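**Student:** All residue numbers for the sequence shown refer to our numbering, where the first residue is 8 and numbers rise by one. For every residue, glycine included, the Cβ atom is placed at its ideal position computed from N, Cα and C. What you are looking at is a predicted structure, and each value in this text was computed from that prediction instead of being measured.
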Amino acid sequence: MTTILIVDDEAKIRTLVTAYLEAEGFTVYSADDGQGALLMFRRYRPALIVLDIMLPEIDGLDVLRHIRRESEAYVLLLTAKSDEVDRVIGLSIGADDYLTKPFRRTDLLQAIQTRLSKHNEQQVKHGEQYEAINEAFQAEREKRLLTSRIVAMFSHDFRNPLASILSSSELLKRYEDRLSPERKRHHLDRIGGSVHLLIQMLDEMLAVAEMEHGKLSPQPQSVDIAAFVEDIVEEFRLIHGDQYGFTLKDTFSGIIETDPRLLRQILVNLISNAVKYSPRGSMVTIHLEGSGSGLEFSVIDQGMGMTEEEQARIFEAFYRADNAKNIKGTGLGLTIVMESVQLCGGEIKVTSTVGHGSNFVVKLPLNG
Ligand code: ADP
8 MTTILIVDDE
18 AKIRTLVTAY
28 LEAEGFTVYS
38 ADDGQGALLM
48 FRRYRPALIV
58 LDIMLPEIDG
68 LDVLRHIRRE
78 SEAYVLLLTA
88 KSDEVDRVIG
98 LSIGADDYLT
108 KPFRRTDLLQ
118 AIQTRLSKHN
128 EQQVKHGEQY
138 EAINEAFQAE
148 REKRLLTSRI
158 VAMFSHDFRN
168 PLASILSSSE
178 LLKRYEDRLS
188 PERKRHHLDR
198 IGGSVHLLIQ
208 MLDEMLAVAE
218 MEHGKLSPQP
228 QSVDIAAFVE
238 DIVEEFRLIH
248 GDQYGFTLKD
258 TFSGIIETDP
268 RLLRQILVNL
278 ISNAVKYSPR
288 GSMVTIHLEG
298 SGSGLEFSVI
308 DQGMGMTEEE
318 QARIFEAFYR
328 ADNAKNIKGT
338 GLGLTIVMES
348 VQLCGGEIKV
358 TSTVGHGSNF
368 VVKLPLNG
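Here is the structure:
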C-alpha cells in the first residue's frame, strides 16, 4: 500500500486531497505546517509527498531541503500561479513535479498515478538487473571455485607421478649395472605410465580451462566417421590389447560434418573409463549406428558398474564413485564428455549394474 503525505495549511485542500487519494486506495497522512510535515515524514516515510510551498514558519522549500537530505521520496509541489520563481527554485532543489492551484481532481490523480507506474517499472527493472547481476556473480564465483579446485588438485596430483619418474630414473642411473632386465623394464614402464598420466591430466586441465572460458566451440569438419572411430579403437588395442578385448560394431559409415576434437574427447574418455573400471581380461564393445539425421554410439563394458545414486552424479566435476577408490583419476573426464556432447547439441545416457558393467550411449544430431 502506497503511503502519501499531504502538506497544506488550507484545511479545505487537505480534506479534499485526502478524500481523493483515500478513495483511490492510498494511505494518506496530512500536516498543516512545515514542522508537522517533517515530523510526519520521519515517522511514516511516505513514498510520495504533496507539498504546498506557502506554509507558515518553515516554508515548503525549506521542508523540501530537509526531505532531500534524508530521502529520495517523490515530491509534488503545489504552487499558486504567481509562484513562478518559487516553483523554479523548488524544481532546482529536488522537487519532482508541480501542480498549480487551483487544480482538478483528475490532474492530481494523474500526476500521482504517472509517478507510481514509473516507480513500479523502475522496481521491476531494478529487480531484473539485480537478478542478472546476481546470476553473473554466482557463475563467476563457481568458475573461480572450480578453477581453484583444479589448481589445488593438479598441483597435488602432479607430485605423485613426478616423484615416480624421479625415483625410477634415479634407480636406473645409480644401479644400472646391478638391476635385472625385468627390474629395468619395470622402472621404464613406471616412467612411461607416469608420463602418460601427466599428459592425460594436462589435457583434462586444458579442456576444462577452455570449457570455462567458452573457447571450446564446435568447429565442424568433414569426417569419415567409421574410419575415425576405428582409428581410436585401434589406439586402445595397441596400448591395452594384451589385457582387454575391444570389439567395434559399426553399422554406419559415410562422411559427416562434425567437430573431430570434441568427438575424440567423448570417445577417448568413455573408452578409457570402460578399461579403467573393468577387470583385466574383459571385453569393451563400441557400437556405432546412425542415419542421415543422427549418430549414436555406445561404449559397453563388463566392469564394476555403479549404483543408481552414483550414476546420477558421475557427470559432476570432481565426483568419483566408490569404485574409484583405488583407481587413479581426476573426476573430470565425464564432465568434459558431458560438455562436449552438449556443445555438439547431443545427449548422453548411462545404464549400469554393480558388478556387471556399464553402458554409455551418446546421441549426436547430424545436420544436412
Ligand atoms: P575419473 O575416471 O577421473 O575418476 P570421470 O569423470 O571420468 O573421472 O568419472 C567419474 C566417476 O564415474 C569415476 O570416478 C567412476 O567412479 C565412475 N565411472 C565412470 N565411468 C565408469 C565405468 N565405465 N564404469 C564404472 N564406473 C565408472
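(1) Could you please give the first and the last residue of the uninterrupted alpha helix (DSSP H) stretch that includes Gln-318?
(2) With Ala-38 as the anchor, note down where its beta strand (DSSP E) starts and where it stops.
(3) Would you call the segment 283 to 292 and the segment 348 to 358 in contact, with 3 or more CB pairs under 8 Å?
(4) Tell me, which residues are paired with Pro-372 by DSSP?
(5) Can you tell me where the beta strand (DSSP E) holding Glu-264 begins and where it ends?
(6) Around the C-beta of Asp-15, are 16 or more other C-beta atoms found within 10 angstroms, so that it is buried, or is it exposed?
(7) Over what stretch of residues does the alpha helix (DSSP H) that includes Phe-235 continue unbroken?
(8) Quick one: is the Cβ of Arg-327 within less than 6 Å of any heavy atom of ligand 1?
(9) Tell me whether Met-8 is buried or exposed, calling it buried when 16 or more other Cβ atoms sit within 10 Å of its Cβ.
(10) Distance check for Glu-142 and Ile-20, CA to CA, integer angstroms please.
(11) Give the straight-line distance between the Cα atoms of Thr-411 and Ile-278, rounded to the nearest whole angstrom.
(12) For Thr-254, is the beta carbon positioned less than 6 Å from some heavy atom of ligand 1?
(13) Does the structure place the segment 48 to 58 close enough to the segment 69 to 89 that three or more beta carbon pairs sit under 8 Å?
(14) Can you give me the C-alpha to C-alpha distance between Val-344 and Ala-54, rounded to a whole angstrom?
(15) Could you please give the first and the last residue of the uninterrupted alpha helix (DSSP H) stretch that includes Thr-25?
(16) Please tell me whether, using a cut-off of 6 Å, the distance from the CB of Asp-164 to the nearest non-hydrogen atom of ligand 1 is below it.
(17) Taking Cβ to Cβ, would you say Leu-269 is nearer than 7 Å to Leu-350?
(18) Could you tell me if Asp-4 is buried or exposed, where buried requires 16 or more neighbouring beta carbons within 10 angstroms of its beta carbon?
(19) Okay, do the segment 193 to 204 and the segment 299 to 308 touch, 3+ Cβ pairs below 8 Å being the bar?
(20) Measure how close the beta-carbons of Ile-60 and Thr-86 come, nearest whole angstrom, since I'm counting them as under 8 Å.
(21) Less than 6 Å between C-beta atoms, sequence neighbours within five positions excluded: which residues of the same chain meet that for Tyr-36?
(22) Counting pairs of beta carbons, one from the segment 203 to 214 and one from the segment 161 to 179, are three or more of them closer than 8 Å?
(23) If we ignore side chains and look at the alpha-carbon of each, how far apart do Ala-118 and Asp-90 end up?
(24) What residue range is occupied by the uninterrupted alpha helix (DSSP H) comprising Gly-41?
(25) Give the DSSP-derived three-state secondary structure of Gly-312 in the structure shown.
**Tutor:** On the basis of the supplied data:
(1) Here residue 318 corresponds to residue number 311 of the sequence shown, with the count starting at 1. 315 to 318 is the extent of the alpha helix (DSSP H) around Gln-318.
(2) As a position in the sequence shown, residue 38 is number 31, starting the count at 1. Here the beta strand (DSSP E) through Ala-38 covers 34 to 38.
(3) no
(4) For the purposes of this step, residue 372 is taken as residue 365 along the sequence shown, with counting starting at 1. Answer is Gly-301, bridged to Pro-372.
(5) Within the sequence shown, residue 264 is the residue found at index 257, counting from 1. Looking at the DSSP string, the run of the beta strand (DSSP E) that includes Glu-264 is 262 to 265.
(6) The residue labelled residue 15 in the question sits at position 8 within the sequence shown. Result: buried.
(7) In the sequence shown, counting from the first residue as 1, residue 235 sits at position 228. Note, Phe-235: alpha helix (DSSP H), 232 to 247.
(8) By 1-based counting over the sequence shown, the position of residue 327 is 320. For ligand 1, at least one heavy atom lies less than 6 Å from the Cβ of Arg-327.
(9) By one-based count along the sequence shown, residue 8 stands at place 1. Met-8 counts as exposed, since fewer than 16 other beta carbons sit within 10 angstroms of its beta carbon.
(10) What you label residue 20 is simply residue 13 of the sequence shown in a count that begins at 1. What you label residue 142 is simply residue 135 of the sequence shown in a count that begins at 1. Computed Cα separation, rounded: 49 Å.
(11) This structure cannot settle anything about residue 411, because the visible part of the chain is limited to 8 through 375.
(12) The sequence position of residue 254 within the sequence shown is 247, counting from 1. No, the beta carbon of Thr-254 sits no closer than 6 Å to any heavy atom of ligand 1.
(13) yes
(14) For the purposes of this step, residue 344 is identified with residue 337 of the sequence shown, where counting begins at 1. For the purposes of this step, residue 54 is identified with residue 47 of the sequence shown, where counting begins at 1. Their Cα atoms are separated by approximately 54 Å.
(15) In the sequence shown, counting from the first residue as 1, residue 25 sits at position 18. Here the alpha helix (DSSP H) through Thr-25 covers 18 to 30.
(16) Here residue 164 refers to the residue found at position 157 when the sequence shown is read from its first residue. No, since every heavy atom of ligand 1 falls outside the 6 Å radius drawn around the Cβ of Asp-164.
(17) Residue numbering aside, residue 269 sits at position 262 when the sequence shown is read from its first letter. Residue numbering aside, residue 350 sits at position 343 when the sequence shown is read from its first letter. Cβ distance < 7 Å, so Leu-269 and Leu-350 count as in contact.
(18) Residue 4 lies beyond the residue range present for the chain, which begins at 8 and ends at 375; the question has no answer from this structure.
(19) no
(20) Along the sequence shown, one-based indexing puts residue 60 at 53. Along the sequence shown, one-based indexing puts residue 86 at 79. About 5 Å separates the two Cβ atoms, so the contact holds.
(21) Taking the sequence shown and counting its residues from 1, the one referred to as residue 36 is at position 29. Counting only Cβ-Cβ distances below 6 Å, and skipping sequence neighbours, we find Leu-12, Met-47, Tyr-51.
(22) In short, these stretches touch, since the Cβ pair count reaches three.
(23) Mapped onto the sequence shown, residue 118 falls at position 111. Mapped onto the sequence shown, residue 90 falls at position 83. Going by the C-alpha atoms only, they are around 19 Å apart.
(24) Here residue 41 refers to the residue found at position 34 of the sequence shown. Run containing Gly-41: 41 to 51, per the alpha helix (DSSP H) assignment.
(25) As a first step, residue 312 is located in the sequence shown; it is residue number 305 there, counting from the start. It is coil, neither helix nor strand.
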